[in-house]
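Input: a single structure, listed below in structure tokens.
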Amino acid sequence: MADGSIRETFVDYTYQPLHDLSGNRNGVLVMSFEITDRVRSRQLLEKYASELADVNIQLSKANAELFKSESRFKYLFKEAPVAIGLLRGSELVVESANAKILEVWGKTEKIIGMELAQALPEIQGQPFLSILNDVLTSGKPFFAEEIAASLEHNGVLKEFFFNLVYQPVKDETGLTSDILV
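Numbering-wise, the sequence shown is residues 1 to 181 according to our numbering.
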């Protein structure tokens, strides 16, 4: 109560017996050390550690939910009854492709990770790469009905007609980062 107010203080005491020259105990030496700052620091660390543990638990739960949601999305994407693919970035890298679109393209999963122009070299000179680049730069979807495409199936170039949608996928800044085909 130095300033007239009561405050909680922590003190560490050490007791040491005192002996006279004959070895008889004749007193006790009491030493005290104020350790309030050390105790408060430890309490604060314990509080932060507890809060951090709570945040880690919440983060683990959120990650588990995210994993579950992502797994569900991947399953729906893969098992969709329509042809779906995802092209990433200006290089139009085949990020994902379900079995239906691989069948339409006459390709296998080996094209995942390849640029579309490499995965489907037969589309060079056809309008698709130009249209995809327009979707990427404009951010506007493209729709077509009964559009002709020449695709190679089993080493033979065949003409097909498709109804298709190129849907821009935007990032957190609103720019088109991918295209859903």
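Backbone N, C-alpha and C fix where the C-beta goes; we use that ideal spot for every residue, glycine too.
Residue from the options with nearest C-alpha to residue i
i, options, result
"Phe162", "Glu145, Ser150, Leu175", "Glu145"
"Glu79", "Asn98, Asn63, Ala64", "Asn98"
"Phe143", "Leu44, Leu180, Asn63", "Leu180"
"Val156", "Gly4, Arg25, Ser130, Leu120", "Leu120"
"Arg40", "Leu52, Arg7, Val93, Lys158", "Arg7"
Identity of the residues DSSP links to residue i by a beta bridge
i, result
"Ala80", "Paired residue(s): none; Ala80 is not in a bridge."
"Lys170", "Thr176"
"Pro17", "Val28"
"Gly85", "Ala97"
"Asp12", "Phe33"
"Val70", "Note that residue 70 corresponds to Glu in the displayed sequence, not to Val. Bridge partners of Glu70: none, in fact."
"Glu115", "Val93"
Integer-rounded CB distance, given that residue j should sit under 8 Å from residue i
i, j, result
"Pro141", "Val104", "No, Pro141 and Val104 are not in contact; Cβ-Cβ is about 19 Å, not under 8 Å."
"Ser177", "Gly89", "7 Å"
"Ser96", "Leu86", "4 Å"
"Ala117", "Ile101", "Wrong, their Cβ atoms sit about 16 Å apart, outside the cutoff."
"Pro187", "Gly125", "For residue 187 there is no data in the structure shown, the boundaries of the chain being 1 and 181."
"Ile35", "Phe10", "5 Å"
"Glu91", "Glu122", "Not really, about 18 Å apart at Cβ, beyond 8 Å."
Meets three-Cβ-pair contact criterion under 8 Å: the segment 103–114 and the segment 126–145: In the pairwise beta carbon analysis, the segment 103–114 is classified as not touching the segment 126–145: fewer than three pairs are separated by under 8 Å.
Three CB pairs or more closer than 8 Å across the segment 30–41 and the segment 8–20: Yes, the segment 30–41 touches the segment 8–20.
At least three beta-carbon pairs within less than 8 Å, the segment 139–157 to the segment 44–58: Not touching, per the Cβ criterion.
Ordered list of alpha helix (DSSP H) runs contained in the segment 125–167, each at least 4 residues: DSSP runs (the alpha helix (DSSP H)) wholly in the segment 125–167: 128–138.
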